[in-house]
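S.K.: Right, I'll just put the structure down here and ask away after.
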Amino acid sequence: MKRNNLSIVWIILIIIFSFNFSFSQERVISGIITTFDSIPLVNAQISVKSSKLIVKSDTFGNFQVSCLPIDKLKISANGFISQNVKLNGKIKLVMVNLMLKTNPKSRDIAIGYGHVKDKDLLYAISSVENKNDFSHYSDMFDLIKSKFPGVQVSNGEIIIRGSNSFNSSNAALIVVDGMPMGNNILESISPVEVKSIDILKDASSSIYGSRGANGVIVIQTKRGGD
Numbered sequence: 094m095k096r097n098n099l100s101i102v103w104i105i106l107i108i109i110f111s112f113n114f115s116f117s118q119e120r121v122i123s124g125i126i127t128t129f130d131s132i133p134l135v136n137a138q139i140s141v142k143s144s145k146l147i148v149k150s151d152t153f154g155n156f157q158v159s160c161l162p163i164d165k166l167k168i169s170a171n172g173f174i175s176q177n178v179k180l181n182g183k184i185k186l187v188m189v190n191l192m193l194k195t196n197p198k199s200r201d202i203a204i205g206y207g208h209v210k211d212k213d214l215l216y217a218i219s220s221v222e223n224k225n226d227f228s229h230y231s232d233m234f235d236l237i238k239s240k241f242p243g244v245q246v247s248n249g250e251i252i253i254r255g256s257n258s259f260n261s262s263n264a265a266l267i268v269v270d271g272m273p274m275g276n277n278i279l280e281s282i283s284p285v286e287v288k289s290i291d292i293l294k295d296a297s298s299s300i301y302g303s304r305g306a307n308g309v310i311v312i313q314t315k316r317g318g319d
C-alpha cells in the first residue's frame, strides 16, 4: 500500500513539474497595432511584464515578441491611450487598436514621433462617415460649420485657415466627386445628396498644387460616389 501511495505522489509531482515547466517556457507572440481601426501604428512600444523586454512595431504596425504563455503586454505610443493585453496561454496573435488622446496636441505628438503619417491621421480625424444622415442640415454651409468647428464661412467662402493675404482669396478649394469647383457650387448641392466630406490641409492638400494652398473641402455625393 505504501508503495502504491508513493507512486501516486510521484505521478502527481511529475504532472505538476511538467505543467509548470511548459508554462515557464517563452514563446513568440505576433501582433498588429493600428489606430482608427485600420491605420498602421509605427514604432508603437510593446513591453513584456515578466521580462521587461521592449520591442517596437514596424511600418505596417506588425511586431513579434518573446514572452511567457501567461503574461501581460503593455502597448503604448506617444499621443495615444495605452492598452494592457493579458495572455492566457492560448493567444498567438494580438490585435490592438489604440485611441488618440483627446489632448489638442495629441495629433502633432503622434505625427512628430513618426507613429502615423500626417495625411492618414488628418483623413481619419476629419472624415465624415457615410452612415451619417445629413438631411437635417439646412444647406451645405450649415453642414460644414457643424461638422468641422474650426472652419469659417465668410461671404459664401469656406475658410479653413486664417487670413494670409490682403490681396488674394483665402477660400478653400472645393472638390466635388473629384472635380475642382467654384465656391458657388455649394449652393446647388443639397446635404441629402452628400455621401461624405473630407478636409485636407498641409501636405495632404498639396496634390492640388497652388489651388489647394488654403486647404481643400472634398465632397463625395451619392450619385458620384458609386
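For the sequence shown, the numbering used here gives the first residue as 94, with consecutive numbering after it.
Each residue gets a CB set at the ideal place from its N, CA and C atoms; glycine is no exception.
It should be emphasised that the depicted structure is a prediction, and the values quoted were computed from it without experimental measurement.
Quick check: what's the CA-CA separation for Lys149 versus Leu191?
M.R.: Their Cα atoms are separated by approximately 14 Å.
S.K.: Comparing alpha-carbon positions, which option in Cys160, Leu134, Asp164 lies nearest Ile174?
M.R.: The residue with the shortest Cα to Cα distance from Ile174 is Leu134.
S.K.: Would you call the segment 228-241 and the segment 152-164 touching, i.e. three or more CB-CB distances under 8 Å?
M.R.: Short answer: they don't touch.
S.K.: Could you tell me whether the segment 302-316 touches the segment 263-276, where touching means 3 or more Cβ pairs closer than 8 Å?
M.R.: Touching, yes.
S.K.: DSSP three-state label for Met192, please.
M.R.: Correct three-state label for Met192: coil.
S.K.: Assign Asn276 to one of three DSSP states: helix, strand, or coil.
M.R.: Of the three classes helix, strand and coil, the one that applies to Asn276 here is helix, per DSSP.
S.K.: For the candidate residues Arg200, Asp213, Met188, whose alpha-carbon lies nearest to that of Leu293?
M.R.: Checking every option, the nearest Cα to that of Leu293 belongs to Asp213.
S.K.: Considering only residues of the same chain and omitting the five flanking positions on each side of Ser303, which have a CB-CB separation below 8 Å?
M.R.: Closer than 8 Å at Cβ, skipping near neighbours: no residue.
S.K.: Within its chain, find whatever has a CB closer than 8 Å to the CB of Glu286; leave out the 5 residues flanking it on each side and keep chain order.
M.R.: Hits under 8 Å: Thr314, Lys315, Arg316.
S.K.: Does the Cβ of Ile122 have 16 or more other Cβ atoms within 10 Å, making it buried, or fewer, making it exposed?
M.R.: Result: buried.
S.K.: Does the contact criterion of 3 or more C-beta pairs under 8 Å hold for the segment 242-253 versus the segment 179-190?
M.R.: The answer is no - the segment 179-190 does not touch the segment 242-253, with fewer than three Cβ pairs under 8 Å.
S.K.: Quickly, what does DSSP pair Ser247 with across the bridge? List them, please.
M.R.: According to DSSP, Ser247 bridges with Glu250.
S.K.: Measure the alpha-carbon distance for Asn240 versus Leu146 and round it to whole angstroms.
M.R.: Note that residue 240 is Lys in the sequence shown, not Asn. The alpha-carbon atoms of Lys240 and Leu146 are separated by roughly 43 Å.
S.K.: Would you mind reading off the limits of the alpha helix (DSSP H) that contains Phe234?
M.R.: Per DSSP, Phe234 belongs to the alpha helix (DSSP H) from 233-240.
S.K.: Could you please give the first and the last residue of the uninterrupted alpha helix (DSSP H) stretch that includes Ser199?
M.R.: Segment 199-205, the alpha helix (DSSP H) holding Ser199.
S.K.: Which term fits Asp270, buried or exposed, when burial requires 16 or more other beta carbons within 10 angstroms of its beta carbon?
M.R.: Classification of Asp270: exposed, given that the 10 Å Cβ count is below 16.
S.K.: Could you give the DSSP three-state label for Arg316: helix, strand or coil?
M.R.: If DSSP states are grouped into helix, strand and coil, Arg316 belongs with coil.
S.K.: Secondary structure at Ile300, three-state DSSP: helix, strand or coil?
M.R.: Helix at Ile300.
S.K.: For Val285, does the three-state DSSP call read helix, strand or coil?
M.R.: Correct three-state label for Val285: helix.
S.K.: Between which two residues does the beta strand (DSSP E) harbouring Leu180 extend?
M.R.: 176-181 is the extent of the beta strand (DSSP E) around Leu180.
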